[in-house]
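These notes concern the structure reproduced below.
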Amino acid sequence: MHVTFFVLLGASLTRFLLRHPDDPATPWVITFAGALATLYVLGPVLGPVSTISAGPRAPSGATTSHKLWLAAVMGIWVTLVILAPSFGWCAVPLFYTGLRTLRTGAAIFLVALITVFVVAAQLKLRVQAGFDPNLLFAPPAVAAVATAMFVHSQRQAARLQSVIADLVRTRRELAATERREGTLAERQRLSMEIHDTLAQGLSSQQMLLQAADRVWDTDPATAHAHVRTAESFAERNLAEARRFVHDLAPADLAGGIGLEQALYALAERESRAGLDVRCRIEGGPAPLPDRVQSALLRIAQGALANVTEHAAARTAVLTLVYFDDQVVLDVADDGRGFDPLAGGASSGVRGHGLPAIRARVAQLGGTLTIESAPGDGTVLSAAIPLESPR
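Take any residue in the sequence shown, note its place counting from 1, add 33, and you have its number in our numbering.
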């Protein structure tokens, strides 16, 4: 539509110069045409105007500056049409300019005024040639079609935005529901496992020890037998507890797989169309406690989940660095970045991943550093201290 405006403006000026080369108003026509073109170009400097304006309310971006700019454009154009009616061809692009800038009701009123002005100018120009019905009915028909198309497209866009917002909200609610259901199912499974193993074993131990206490003085042999049986139950419960701990550890670390191999597997698994995840290991590998390995792997998983969901990045790099007194995991991406001071869970920028990462780091006595800025990517660094060798 912008290109159409300048084409029509140039064609109208060329037509005037060819047909009226010696007209006294020619310098004014050239001056006003140049001023109109310049002012029209300066419109984007004021910033974009929301195109979703089908409702009775004004677009969110339609400021006083936009309205004053529109008034100036219309004023210069009206002056040009008075001097040279052929500039009325620029009315159609100006229809859309008004529709995009003003409220729908005010914009339709402006379109009607422009149409009446164009019809009047054309009829005045052709008064000597006789009445032409096209000059009376064609401009209103064009204005009506242009306005109807614009309003319809804006309403369709508003409906589409509403549908997209509903879909996004539904997807988030579904994901939250699935997480809650998964959590409840896992809690139920663990409660059943604990009830059938640890709780039953502890109950049996309690009864055996109570029975041993009752006959400790009168029948020492029976009491010792009860104690030995209770000891066997304790040993079995200890094995079950260790199995629970093993089952709750990250699956990537099962079977004796080290943290380095787990991070390489995670990078390969998270690489997908549009995102390239790489992994680097620096420094000599050092034996890490199971809980440190589990925490670092969970931190990497959470950070990559943030990258996938929020960063719109093309590349992410996992870097595990071993030092003498600590191990550091860096997760860097080249995405859109965010403000770390305002990008917590409360703002909705990075979801609930960062609070969970901070909690894991704090539990191990480590420090978490986040370096990011809008448009500059993000670097998350988790440093976990290591126990000094004895």
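Don't be surprised by glycine CBs; every beta carbon is placed ideally from N, CA and C.
Whose C-beta lies closer than 7 Å to the C-beta of F183 among residues of the same chain, with five residues either side of it excluded?
-> Y129 and L132
Touch test, the stretch 391-407 against the stretch 324-334, Cβ-Cβ under 8 Å, three pairs minimum | yes
Can L113 and L50 be called in contact, C-beta distance under 8 Å?
-> The criterion of a C-beta distance shorter than 8 Å is not satisfied by L113 and L50.
Just the C-alpha distance for A378 and I390, rounded to the nearest angstrom, thanks.
-> In this prediction, A378 scores a pLDDT of 39, lower than 50, which makes its location untrustworthy; the coordinate-derived value is nonetheless stated afterwards. The straight-line gap from Cα to Cα measures roughly 12 Å.
With a threshold of 16 other CB atoms inside 10 Å of the CB of R393, please say whether the residue is buried or exposed.
-> buried
What three-state label does DSSP hand V62 in the structure shown?
-> helix
What residues in its chain sit with their C-beta under 7 Å from that of W249, if we drop five residues either side in the sequence?
-> A256
Would you check if there are 3 or more beta carbon pairs closer than 8 Å linking the stretch 121-128 to the stretch 141-151?
-> They touch, by the three-pair rule.
Report the residue from A176, L353 and L241 whose alpha carbon sits nearest the alpha carbon of A263.
-> L241
Touching by the beta-carbon criterion (3+ pairs, under 8 Å), the stretch 402-409 and the stretch 310-317 = no
As assigned by DSSP and simplified to three states, the class of A87 | Low local confidence applies: a pLDDT of 41 at A87 is under 50, so the model's placement there is unreliable, with the coordinate-based value given in what follows. Three-state result, A87: coil.
Terminal residues of the beta strand (DSSP E) in which D363 lies | Going by DSSP, D363 is part of the beta strand (DSSP E) stretching over Q359 to D366.
Give me the Cα-Cα distance between D56 and T180, rounded to the nearest whole angstrom.
-> In a straight line, the C-alpha of D56 is about 36 Å away from that of T180.
Residue environment, P172, which counts as buried when at least 16 other CB atoms sit within 10 Å | buried
Beta-carbon proximity of V62 to A117, cut-off 8 Å | The criterion of a C-beta distance shorter than 8 Å is satisfied by V62 and A117.
Determine the closest residue to R188 out of F142, E219 and T137, with distance taken between C-alpha atoms.
-> T137
Assigned secondary structure, H197 (DSSP; H/G/I helix, E/B strand, else coil) | Residue identity differs from the one stated: residue 197 is Ile in this sequence, not His. It is helical.
Is P172 helix, strand or coil when you go by DSSP?
-> P172: helix per DSSP, three-state reduction.
Buried or exposed: I197, going by 16 or more other Cβ atoms within 10 Å of its Cβ?
-> exposed
When the Cα of R415 is compared with those of Q359, G368, D409 and D366, which residue comes out closest?
-> Note that residue 415 corresponds to Ala in the displayed sequence, not to Arg. Comparing Cα positions, the closest option is Q359.
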